[in-house]
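Let me begin by presenting the structure, written as C-alpha cells, before commenting on it.
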Amino acid sequence: AELGRFLRTLSRALARVTGVEDWNVVQNNGAAAAQVVMHMHYHLIPRPEIRASGRFSESFTMFGRGKREELDDDEA
C-alpha cells in the first residue's frame, strides 16, 4: 500500500515538472515478462496525447485520458 501511495505522489510530481499529465506505470516481473534487471523497479512512461486511428486506436484509448481523473483524489 505504501508503494502505491508513493507511485501516485511521484507520478503527480513528474506531471508537474514535465507538463505531461498522462502516464503508464509499468513493472515487468520475470524473464518471460521482459524483466532484465532482476529486482523490483517501475517505469513511469509519459503518454502525451496522441490522435490514433486504425489498429492502434484501442491501445491508445485504453491508456488515454479519463481513467486517471476518475481514480485520482483531489490531493496533490
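Read in order, the letters of the sequence shown are residues -16 to 59 in my numbering. Positions of the beta carbon are idealized from the N, C-alpha and C atoms, including for glycine. This structure is a prediction, so every number in the text was calculated from the model and none was measured.
Annotated as proximal: ASN7 and ARG30, with beta-carbon spacing under 7 Å. In the structure shown, VAL19 adopts coil according to DSSP, grouped into three states.
Going by beta carbons, VAL9 and HIS26 fall inside the 7 Å limit.
Here DSSP, grouped into helix, strand and coil, assigns VAL9 to strand.
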